[in-house]
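To start, the structure under review is shown below, and the notes come after it.
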Amino acid sequence: MDVDLNKVTVRVPGTSANCGPGFDCLGLAATIYNDLELTLLEEKSLTIEAKGDGAETIPTDEKNIVWKAARMILERSGYAEKFQGAILKMTNHIPMSRGLGSSAAAIVAGLFAANEIVGKPFNRKEILKFATEIEGHPDNVAPAIYGGFTISTVDNRGQVQTFSFLPKLKLKLIVAVPDFPLSTRLARQVLPKTVMLKDAIFNVSRASMLIAALMQGKEKFLATAFDDALHQPYRTKLVPGMQEVFHAAKKAGAVGVALSGAGPCLIAFSPVDKHIENNIAVEMVQAFKKNEVQADALILDLDTRGAFVV
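Quick note on numbering: my numbering labels position 21 of the sequence shown as 20, and the sequence is numbered without any gaps.
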């Protein structure tokens with residue numbers, strides 16, 4: 000097979016998990032992307048090039064998570080012996096270790112690209128299963144694959160089910176990106192091992208209301224639907240000024256606010272109105288600044304496509 004035929008470029012969206020009350024089960028895809036150009040080689044040679052956000056910290060050897068994901072496809076499709084090496088060229092726009100799904104995007108990119116080159120033996124549902132095996136949970140990889148909002152469950156056998164949908168409400172996503180990283184491992188360490196029944200009920204009711212309001216286009220029900228009692232209260236101490244940023248965003252016109260994934264990014268959901276969107280972005284950055292945190296703001300849309308071949 001000619002080497003030129005063994006090359007593909009894929010684009011994967013950034014994601015925001017939890018969406019407030021949907022801890023480890025809700026997610027969304029946003030219009031910020033990482034690109035991967037993958038060339039599979041028959042000789043045992045690995046070249047990894049990265050540019051963009053966090054490029055200097057990305058492993059350029061066998062430990063690279065994109066290559067690990069690609070190798071999974073090759074092994075499970077029977078092509079591991081044929082293709083023992085690769086050239087990976089990554090262009091990253093998704094901030095790393097900020098709660099916007101950079102690791103999920105890397106995993107999905109590797110899986111998607113390798114799957115495409117070997118003739119697409121696996122469908123999206125199977126790729127979701129592989130991605131969940133690597134990531135450990137589907138809340139970020141699911142929207143990276145399907146786009147839109149996603150709801151995911153994992154049964155006792157480890158089987159993943161994902162429902163993806165596009166809301167009837169048009170919303171802008173205003174993401175405040177602090178200038179410090181936060182590891183998911185640390186963000187999980189601060190969580191309690193057990194939760195109060197009232198907190199569980201609180202989250203079930205909010206998550207249910209959130210999905211119903213989005214699917215029916217009922218903006219008035221979103222006012223408290225993004226609230227959470229299971230993880231955000233415990234992670235507040237890891238993100239200086241978090242509550243002040245939430246308050247500033249709501250005061251500026253946001254219909255809801257949440258910690259993006261494990262953080263430290265904070266996401267506000269805005270009506271589609273340039274004045275309101277810009278005002279929310281400015282106020283979130285200023286609120287962070289008052290807490291001695293430098294931050295940038297991204298104004299994004301909901302990605303509706305998920306991962307695709309460019």
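Where is the CB? At the ideal position from N, CA and C, for every residue including glycine.
C-alpha gap between residue i and residue j, whole angstroms
i, j, result
"Thr276", "Lys171", "Inspection of the sequence shows that residue 276 is occupied by Glu rather than by Thr. Each residue's alpha carbon lies about 7 Å from the other."
"Leu301", "Gly260", "16 Å"
"Ala381", "Lys62", "The structure shown does not extend to residue 381, since the chain spans only 0 to 309, so no value can be given for it."
"Asp23", "His274", "33 Å"
"Lys288", "Ala294", "7 Å"
"Leu229", "Ile72", "35 Å"
"Ala248", "Pro58", "37 Å"
"Ser101", "Leu196", "33 Å"
"Lys43", "Ile116", "17 Å"
"Gln231", "Leu258", "7 Å"
"Gly51", "Thr90", "6 Å"
"Gly147", "Val140", "12 Å"
8 Å Cβ shell around residue i - same chain, five flanking residues per side excluded
i, result
"Thr8", "Asp34, Leu35, Glu36, Leu37, Ala112, Val308, Val309"
"Met214", "Phe164, Pro166, Lys167"
"Asn114", "Ile72, Ser76, Pro120, Phe121, Ile126"
Cβ neighbours of residue i in the same chain (closer than 6 Å, five flanking residues each side left out)
i, result
"Leu297", "Val174"
"Arg205", "Pro20, Ala224, Asp226"
"Phe162", "Ile150"
"Gly255", "Leu221, Phe225, Phe268"
"Val2", "Any answer about Val2 is weak, because its pLDDT of 38 lies below 50 and its placement is not dependable; what the coordinates show is given next. For Val2, where only same-chain residues beyond five positions count, there are no Cβ hits under 6 Å."
"His271", "This sequence places Val at residue 271; His is not what is there. The residues are Lys169, Lys171."
Residue of the options minimising C-alpha distance to residue i
i, options, result
"Ala108", "Ile64, Phe201, Ser44, Ala212", "Ile64"
"Pro191", "Arg234, Ala248, Val238, Ile72", "Arg234"
"Leu39", "Gly51, Glu80, His246", "Glu80"
"Arg184", "Glu134, Arg304, Asp52", "Glu134"
"Ile106", "Trp66, Asn122, Glu74", "Trp66"
"Asn122", "Ile93, Gln83, Ser76", "Ser76"
"Ala103", "Lys124, Asn202, Asp154, Pro142", "Pro142"
Any non-hydrogen atom of the ligand MG closer than 6 Å to residue i Cβ
i, result
"Ala206", "The ligand content of the structure shown is nil, which means the ligand MG is not present either."
Same chain only: Cβ atoms within 7 Å of residue i, ignoring 5 sequence neighbours per side
i, result
"Met0", "With a pLDDT of 35 at Met0, under the threshold of 50, the modelled position of that residue is not reliable, and the figure given next carries that caveat. There are no such residues."
"Asn290", "Pro239, Gly240, Glu243"
"Ser96", "Pro180, Leu181, Ser182"
"Asp138", "Ala16, Asn17, Asp23, Cys24, Leu25, Gly26, Ser151"
"Val194", "Leu229"
"Asp198", "Ala228, Leu229"
Those residues which DSSP pairs with residue i across a bridge
i, result
"Ile47", "Leu87"
"Lys171", "Ser269"
"Glu36", "Thr8, Lys88"
"Ser163", "Thr149"
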